[in-house]
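*Asks:* Residue numbers (the numbering used here), protein chains in the order written: chain A, 2 to 408; chain B, 8 to 314.
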């Protein structure tokens, strides 16, 4: 038993050392992320002292940039399942090689989700009120309680599976299937659940007609499986270009197909939504009208949503034509970056903000995030990307044998 | 009240990006003088329902002390009078009579110790929003929120909206920590010491009745109402939600809500739904009743009626 702990301790030491060993570009990137984190921490301190009044949020638009980022990142986290299914379930060797990296992206994304929710709390000092038996956790009634549960569960699943596999690989041993495969099966359903529950958070509110639509959950899933794998492809391209991590073309081709199909479904669902809202033109169309065309002279979100739709359409056309697949690194990945931006806009400016505009009493107050809010958000992104980076570096170290027990 | 009643942080100006960065690097963030200091007893305080009678008594004493210290007074009382069996409160508002004078709004702010905003910013916390409606329409999207002229105006009618104390309250379902609930007498309350400030209840409310403390509430000591209830008008904290409680500190003593008593037109009626002879029962049994957003299924305790 003691020997196991000693061995595990050695694993941790070597891994951490590996995570922070790299070339000048690697250090430059990490330093940049640390800077973001420092600025974010300072801005968060200011918010903690003065209150959420330092954000642009109001009683009219009571959720903003934090919850928008949270919603987007749940999708990125869920997207790892698109590699888990072919990798673990169907033993597709090309996919299986990269699935660890997808899981590392998921860990970073979930971490950001949790931090964005925490940043949004008016009383972060009372977090313990959620933890039974000391607190009171309104489960199963509150959808937010569900969300806390599924997100933390997903984080644990994604820490366990790759953690175990990498440790075994480090020791040069075959992993015991019963110690990870059951969790893989659970994580597949769980991944779908995190974004479904996050959608239900919105659709469950009968007093907000813009959100109270059954199409929301399917659209969340479709957009997640478009933006998420697109994000993972960008990560894979970087890993492939800068490390000796073994990766064939097939993995990236497969993920680009997932992005394309999910993106097309997302657009189809968007069209269904727009048709239903505007053709019947019921009284409930106010938020959608505000979003797409502006309402009574208020039109802050109009340029955003049309930018998002344009990026979506152009990027999907580029992917359909397959003309850019063999081009250079930047050109072939540009459509993917466009889709990520498009869907990030769609979740924030396209979904969270307009749900509050007009208010349930018909008042129109627009929302613009404050500088402090933007810096806090950037800090959380910095932290998430930092964790993602060192975890991916770690996976690469182990897979390439740079970090191993007898090394 | 130009641009509607936007909550703007009273003590926090919007700064430019550069100014912000300068402030951050210089560490120029100091707590406001009236900010709450860390207090272990307050931090560890249990949920209202989890406290024993003895713990409740001690908590109320501690709060009285805290408020007296904070606002430099000696007359704070914080009670926790419970509901009376056989009482279920309901409110009715006569849309034919209301003239939109907003006296109810201001009486409410005084009674309930709300955050006093600045007139020019319009960031005061107000539980009642009076809508100026077009005659011939009940469409809230045509309502005017920031009317500023002599009332009543020609061809308009007025519709004050506040918490509807729903019997199937979406806010109660939404709260992840059970910090808000409906009391047996029908009042929907918030435990300000339990709320974590996630604002999901505010997103859930179809009546826009829940108001958040975006900053440390500004409450001048000489404007304070020191007769308070734990679940009602005691001073609030930064970062928590609050709302109308039908003036729980008054109605549990047999008085009417402050908005009811101030109304110069007698548009506001309040009473016990379970008492067959109450004014509220007479109205519900004999008048034409309108329930705002009945289709949302919230089953409110707040009714509108017409003469």
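For each residue, glycine too, the CB sits at the ideal point set by N, CA and C. Predicted model, so just to flag it, every value in this text is computed and none were measured.
Please report the distance separating the alpha-carbon of residue 239 of chain A from that of residue 176 of chain B.
*Replies:* 50 Å
*Asks:* Hey, does residue 20 of chain A have any beta-carbon neighbour from chain B nearer than 9 Å?
*Replies:* no
*Asks:* So for residue 128 of chain A, helix, strand or coil by DSSP?
*Replies:* helix
*Asks:* Do we get a CB-CB distance below 9 Å when we pair residue 312 of chain B with the residues of chain A?
*Replies:* no
*Asks:* Give a yes or no on whether 9 Å exceeds the smallest Cβ distance from residue 145 of chain A to chain B.
*Replies:* yes
*Asks:* Pick helix, strand or coil for residue 168 of chain B, following the three-state DSSP scheme.
*Replies:* Collapsing the DSSP output to three states places residue 168 of chain B in a strand.
*Asks:* Going by DSSP, what residue range makes up the alpha helix (DSSP H) through residue 196 of chain A?
*Replies:* 178-204
*Asks:* So the alpha helix (DSSP H) residue 165 of chain A belongs to, where does it begin and stop?
*Replies:* Here the alpha helix (DSSP H) through residue 165 of chain A covers 144-172.
*Asks:* Does DSSP put residue 87 of chain B in a helix, a strand or coil?
*Replies:* coil
*Asks:* Looking at the C-beta of residue 298 of chain B, does it have a partner C-beta in chain A at a distance below 9 Å?
*Replies:* no
*Asks:* DSSP three-state label for residue 59 of chain A, please.
*Replies:* coil
*Asks:* Throw me the rounded Cβ distance for the residue 260 of chain A and residue 230 of chain A pair, which I believe falls under 8 Å.
*Replies:* 5 Å
*Asks:* Provide the residue span of the alpha helix (DSSP H) that contains residue 214 of chain A, from first to last.
*Replies:* It is not in any alpha helix (DSSP H) - residue 214 of chain A carries neither H nor E in the DSSP assignment.
*Asks:* Evaluate contact between the region 242-251 of chain B and the region 193-209 of chain B, counting only Cβ atoms and requiring at least three cross-stretch pairs below 8 Å.
*Replies:* yes
*Asks:* If you measure from the beta carbon of residue 30 of chain A to each beta carbon in chain B, is any gap under 9 Å?
*Replies:* no
*Asks:* Taking just the CA atoms, how far does residue 143 of chain A sit from residue 137 of chain A?
*Replies:* 12 Å
*Asks:* So residue 142 of chain A contacts chain B; which residues on that side make the cut at Cβ distance below 7 Å?
*Replies:* 180
*Asks:* Taking residue 154 of chain A and residue 129 of chain A to be in contact with their CB atoms under 8 Å, please state how far apart those CB atoms are, rounded to whole angstroms.
*Replies:* The C-beta distance from residue 154 of chain A to residue 129 of chain A rounds to 19 Å, too long to fall under 8 Å, and the pair is not in contact.
*Asks:* Among B:304, B:259, B:164, which residue has its Cα nearest to the Cα of residue 103 of chain B?
*Replies:* B:164
*Asks:* Give a yes or no on whether 9 Å exceeds the smallest Cβ distance from residue 38 of chain A to chain B.
*Replies:* no
*Asks:* Three or more C-beta pairs closer than 8 Å, one from the region 287-302 of chain A and one from the region 237-253 of chain A: is that the case here?
*Replies:* no
*Asks:* Can you give the Cα-Cα distance for residue 358 of chain A and residue 366 of chain A, rounded to whole angstroms?
*Replies:* 7 Å
*Asks:* Would you report the Cα separation of residue 146 of chain B and residue 169 of chain B, rounded to the nearest angstrom?
*Replies:* 17 Å
*Asks:* Residue 141 of chain B by DSSP, collapsed to three states: which one?
*Replies:* strand
*Asks:* Any C-beta of chain B sitting closer than 9 Å to the C-beta of residue 63 of chain A?
*Replies:* Judged by the 9 Å Cβ criterion, residue 63 of chain A is in contact with chain B.
*Asks:* May I ask you to verify whether the region 372-388 of chain A touches the region 34-53 of chain A, counting CB pairs closer than 8 Å and requiring at least 3?
*Replies:* yes
*Asks:* What is the DSSP secondary structure of residue 63 of chain B, reduced to helix, strand or coil?
*Replies:* Residue state, collapsed to three classes: helix.
*Asks:* In the DSSP output, which residue or residues are listed as bridge partners for residue 299 of chain A?
*Replies:* According to DSSP, residue pairing for residue 299 of chain A in a beta bridge involves A:296.
*Asks:* Use the C-beta contact count for residue 407 of chain A: other C-beta atoms within 10 angstroms, 16 or more gives buried, fewer gives exposed.
*Replies:* exposed
*Asks:* By the DSSP assignment, the alpha helix (DSSP H) with residue 257 of chain A in it spans what residues?
*Replies:* For residue 257 of chain A, the enclosing alpha helix (DSSP H) covers residues 250-281.
*Asks:* Rounded to whole angstroms, what is the Cα-Cα separation between residue 228 of chain A and residue 344 of chain A?
*Replies:* Across the structure, residue 228 of chain A and residue 344 of chain A are spaced so that their CA atoms are roughly 6 Å apart.
*Asks:* Kindly indicate if chain A contains any beta-carbon less than 9 Å away from that of residue 248 of chain B.
*Replies:* yes
*Asks:* Hey, does residue 116 of chain B have any beta-carbon neighbour from chain D nearer than 9 Å?
*Replies:* Given the protein chain composition of this structure (A and B), no chain D is represented.
*Asks:* For residue 297 of chain B, which of helix, strand or coil comes out of DSSP?
*Replies:* strand
*Asks:* Determine the closest residue to residue 113 of chain A out of A:139, A:102, A:71, A:317, with distance taken between C-alpha atoms.
*Replies:* A:71
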